[in-house]
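These notes concern the structure reproduced below.
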Amino acid sequence: MEEQPIKQQPSQGPAEEPAEERQKPEVQENESKYVKYICAKCNYKFSRRRTSSASLRCPYCGSKNVSEDTFNLNRLIDES
Ligand SMILES: [Zn+2]
């Protein structure tokens, strides 16, 4: 009879996984600082810091009719 040593070594992590860099949510951190806005008048999309939302204006047409562009965000949450 031959014994088959099926030993799992958890200490030996998968060495060939260079995807660690890609998993860094650098983009998310960036998006938390900058909020995407969309102009309701000309549909111009831009991003600003959340702090400056008080005097928010469309840099393209100067309209104050600007709302947060949370379309992508909601889409992601909705789909998952
Ligand atoms: Zn505009």
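Under the working numbering, the first residue of the sequence shown is numbered -4, with each subsequent residue one higher.
Every residue, glycine too, gets a C-beta built ideally from N, C-alpha and C.
All figures in this text were calculated on a predicted structure; none of them were measured in a lab.
ask   = Would you say Ser6 touches ligand 1, meaning its beta carbon is less than 7 Å from a heavy atom?
value = Within the sequence shown, numbered from 1, the residue matching residue 6 stands at position 11. No, the Cβ of Ser6 stays beyond 7 Å of every heavy atom of ligand 1.
DSSP state of Lys28 mapped onto helix, strand, coil = Your numbering for residue 28 matches position 33 in the sequence shown. In the structure shown, Lys28 falls within a helical segment according to DSSP collapsed to helix, strand and coil.
ask   = Cβ-heavy atom distance between Tyr39 and ligand 1 below 7 Å?
value = Against the sequence shown, residue 39 aligns to sequence position 44. Yes, since a heavy atom of ligand 1 falls inside the 7 Å radius drawn around the Cβ of Tyr39.
inquiry  = What would DSSP say about Arg52, mapped onto helix, strand or coil?
reply    = On the sequence shown, position 57 is the one that residue 52 refers to. Reduced to three states, the DSSP call for Arg52 is coil.
ask   = Would Cys34 be called buried (16 or more neighbouring beta carbons within 10 Å of its own) or exposed?
value = Residue 34 sits at position 39 when you count from the first residue of the sequence shown. By the neighbour-count criterion, in which a residue is buried when 16 or more other Cβ atoms sit within 10 angstroms of its Cβ, Cys34 is buried.
message = Rounded to whole angstroms, what is the Cα-Cα separation between Gly57 and Ser6?
response = Within the sequence shown, the letter at position 62 stands for residue 57. Within the sequence shown, the letter at position 11 stands for residue 6. The C-alpha of Gly57 lies about 59 Å from the C-alpha of Ser6.
ask   = Under a Cβ-count criterion, where at least 16 other Cβ atoms within 10 Å of its own Cβ denotes burial, should Tyr55 be classed as buried or exposed?
value = For the purposes of this step, residue 55 is identified with residue 60 of the sequence shown, where counting begins at 1. Tyr55 is classed as exposed because its beta carbon has fewer than 16 other beta carbons within 10 Å across all chains shown.
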